[in-house]
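Q: Take the sequence shown: its position 256, counted from the start at 1, is 256 in the UniProt record's numbering, and no numbers get skipped.
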Amino acid sequence: MMTTMFDDQGFVPRDRRYGALSAFRMLPAVLALTLFLPQRLFLGGQQIPADLRPWLGALALVVVAGNLMLLPWPWPERRAALLSQIGLLVITVTTGVILVLHPDGVVYGLPFWTARLAVRYRRPNLLSYVVIALSVIGAGLPQLFRDFNWLAALGIGLGVLLVALLTLNRQGREERLEQAELLLARRQQVVEEHARAAALAERARIAREVHDVLAHSLAGLSLTLQGTRLMLQRDNASQEVIDQVSKAQKLAADGLAEARRAVAALRDDKVPDARAIADLVTAFRLESGAPAELTVNGEPRDLPAEAATALYRTAQEALTNARKHAPGAPVDAVLDFEDGRTVLTVIDHPGKPPAHATSGGYGLLGMRERAELIGGELETGPMEDGWRVRLVVPA
């Protein structure tokens, strides 16, 4: 976005003042000092009388001092603004006195410079118009004092005024162009925000449709298939039919989980880690018909991607093993958000110790390796009435 033309002190921002040429910043001092250069080296005008040299030398040093006050020193903005105003006023008054004493040479360019600077790098104010008026008078008075040539004085004064007016016109044109660019940028931002809002509204509408139609339908289908499977088992139906219904129930449960993830993606809403594991437990309960519950202790929080993935995959593998090795057994899952770490515990309760206690298959071995890579720890082992999987991650 474009910067504003003036800062809160009424000045053009410091990095945009004076243009790119460093020599231009010291132009008043250079012009004042040319009075004392030989004519063969610089266009200095007529030779200065000896009795005026001390006075003109002192005045030239005053111009140099005022010029130094205009430079962009690393001072506070309010102090820098005040010093620059004082410096410009000092240069203007001193230049008028110099021209009255010695109205010759390139130093005559100083009134034009001060009139231009009065409105070029700051918003015009009372001081700006005072400087312009003093520049006009300072440029015209020498002609009246020396030859009483009022026509030349008027012409030079009007020339100084013309420079100030042209500078004001340029400043106004730049400000209008900058305001137009700023307005265009804001309009483009509004258009982009409107398009983004429309896209988000459409995505939210699609997410509602998926949630209200597909997700509800899949949840109802999963519950219906679960009831059908239980009735088939009650009526001693063939195992092949029961397996097909169980497979259909699993597909419905998986579809429900995917539908929820799709809704979260459409809404640009990351599924909380506790919610993701709760969905796994719900899908396990709907698919297997076994009691399963997730308990969350502590204040849930967003976890790093590696830790969240390790928790999700470990819960998924533990539930898969419970379905395979302890079908129908109740499952308790506990997610503890502690200070500096998160603990997931999954325990199945078939009512007796496992017949063949092992450290787990390749799935749990992979989970153990994943946990170690992020500085976590995975424990698996038998209990009095079942099997326990416990994962600790530093997050």
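Beta carbons: idealized from backbone N, C-alpha and C, even for Gly.
Since the model is a prediction, treat every value here as computed from it, not as a measurement.
Look at the Cβ atom of Val63, then the Cβ atom of Phe112, and state whether they are nearer than 8 Å.
A: Contact: no.
Q: Pull up the DSSP beta-bridge partners for Gly227, would you.
A: Per DSSP, none; premise fails for Gly227.
Q: If you draw a straight line from the C-alpha of residue 423 to the C-alpha of Glu174, how long is it?
A: Outside the displayed range of the chain (1 to 395) lies residue 423, so it cannot be described from this structure.
Q: With a floor of 3 residues, list each beta strand (DSSP E) that falls wholly inside the segment 270-312, ordered by position along the chain.
A: As far as the segment 270-312 is concerned, its whole beta strand (DSSP E) runs of at least 3 residues are 292-297.
Q: Rounded C-beta distance between Tyr312 and Ala274? I'm assuming under 8 Å.
A: Tyr312 to Ala274, Cβ: 11 Å. No contact.
Q: Are the CB atoms of Phe284 and Ala278 within a distance shorter than 8 Å?
A: No, they are not a contact pair.
Q: How big is the Cα-Cα spacing for Ala50 and Val131?
A: One C-alpha to the other measures close to 31 Å.
Q: List the residues that DSSP assigns as beta-bridge partners of Val331.
A: Answer by DSSP bridge pairing, in chain order: Ala292, Asp348.
Q: Can you tell me whether Ala395 is buried or exposed, with buried defined as 16 or more other CB within 10 angstroms of its CB?
A: So Ala395 ends up on the buried side.
Q: With distances taken from CA atoms, which of Glu379, Leu373, Gly375, Gly351 is nearest Leu315?
A: Looking at the sequence itself, residue 315 is Ala, so the reference to Leu does not match. The shortest Cα separation from Ala315 among Glu379, Leu373, Gly375, Gly351 belongs to Glu379.
Q: Report the partner residues of Arg388 according to the DSSP bridge assignment.
A: Partner(s): Ile347, Gly381.
Q: Leaving out five residues before and five after Ile242 in sequence, what residues of the same chain have Cβ atoms less than 7 Å from its Cβ?
A: Correct list, in chain order: Arg229, Leu232, Gln233.
Q: How many angstroms separate the CA atom of Arg122 from the CA atom of Leu303?
A: Distance between the alpha carbons of Arg122 and Leu303: 53 Å.
Q: Apart from the five residues just before and just after Arg368, which ones in its own chain have a Cβ nearer than 7 Å to its Cβ?
A: For Arg368, where only same-chain residues beyond five positions count, the Cβ hits under 7 Å are Leu378.
Q: Going by DSSP, what residues sit across from Val393 in a beta bridge?
A: DSSP, once it has assigned bridges, lists Thr342 as partnering Val393.
Q: Specify, as a first and last residue, the run of the alpha helix (DSSP H) that Phe145 falls within.
A: Phe145 -> alpha helix (DSSP H) spans 126-146.
Q: How close, in whole Å, do the beta carbons of Ala133 and Val163 come, if the pair is a contact with beta carbons under 8 Å?
A: Not a contact, Cβ separation roughly 14 Å.
Q: For my contact list, Ile98 and Leu59 are in at a C-beta cut-off of 8 Å; report their separation, rounded to the angstrom.
A: That belief holds up - the Cβ atoms of Ile98 and Leu59 are roughly 5 Å apart, short of 8 Å.
Q: Is it buried or exposed for Trp387, if we count other Cβ within 10 angstroms and need 16 for buried?
A: It is buried - the Cβ of Trp387 has at least 16 other Cβ atoms within 10 Å.
Q: Closest to Val331 by CA distance: which of Leu218, Ala197, Ser288, Lys247 is it?
A: Nearest of Leu218, Ala197, Ser288, Lys247 to Val331, Cα basis: Ser288.
Q: In terms of residues, what are the limits of the alpha helix (DSSP H) holding Arg116?
A: Where Arg116 is concerned, the enclosing alpha helix (DSSP H) stretches over 110-120.
Q: Grab me the residues of Trp55's own chain with a C-beta within less than 6 Å of its C-beta, minus the 5 sequence neighbours each way, in chain order.
A: Cβ neighbours of Trp55 beyond the five flanking positions: none.
Q: Would you decide whether Gly328 is buried or exposed? Buried here means 16 or more other CB atoms lie within 10 Å of its CB.
A: It is exposed - the Cβ of Gly328 has fewer than 16 other Cβ atoms within 10 Å.
Q: Once the 5 residues before and after Glu372 are set aside, which same chain residues still bring their CB inside 6 Å of it?
A: Within the same chain, Glu372 has no close Cβ partners at all.
Q: Relative to the C-alpha of Ala252, which candidate in Ser238, Gln239, Thr224, Ala237 has its C-alpha closest?
A: Cα-wise, what sits closest to Ala252 is Thr224.
Q: Just mark Pro353 as buried or exposed, buried being the case when its beta carbon has 16 or more other beta carbons within 10 Å.
A: The residue in question, Pro353, is exposed, as its Cβ has fewer than 16 Cβ neighbours within 10 Å.
Q: Tell me which same chain residues have a C-beta within less than 8 Å of the C-beta of Gly19, skipping the five on either side of it?
A: Only weak support exists for where Gly19 lies, its pLDDT of 47 falling under 50; the coordinates are left without a value.
Q: What does the alpha-carbon distance come out to for the pair Thr295 and Leu319?
A: About 15 Å.
Q: With the cut-off set at 8 Å, would you say Gly381 and Leu391 are in Cβ contact?
A: Their beta carbons are not under 8 Å apart, which means Gly381 does not touch Leu391 by this criterion.
Q: Might you give, ordered along the chain, the residues of its own chain that have their beta carbon closer than 8 Å to the beta carbon of Leu141, omitting 5 neighbours on each side?
A: Gly96, Leu99, Val100, Ala153, listed in sequence order.
Q: What do you get for His102, buried or exposed, if any count of 16 or more other CB atoms within 10 angstroms of its CB means buried?
A: Buried, by the Cβ-count rule.
Q: What is the rounded straight-line gap between the Cα of Ala181 and the Cα of Leu82?
A: In the sequence as displayed, the identity of residue 181 is Glu instead of Ala. If I take the Cα positions, the gap works out to 31 Å.
Q: What three-state label does DSSP hand Asp235 in the structure shown?
A: Three-state result, Asp235: coil.
Q: Is it buried or exposed, Val119, if we count other Cβ atoms within 10 angstroms and call 16 or more buried?
A: Under this definition Val119 is a buried residue.
Q: Whole angstroms is fine: what's the gap from Gly363's alpha carbon to Glu317's?
A: Their backbone Cα atoms lie some 7 Å apart in a straight line.
Q: Would you list the one or two residues that DSSP bridges to Asp336?
A: Asn297, Val343.
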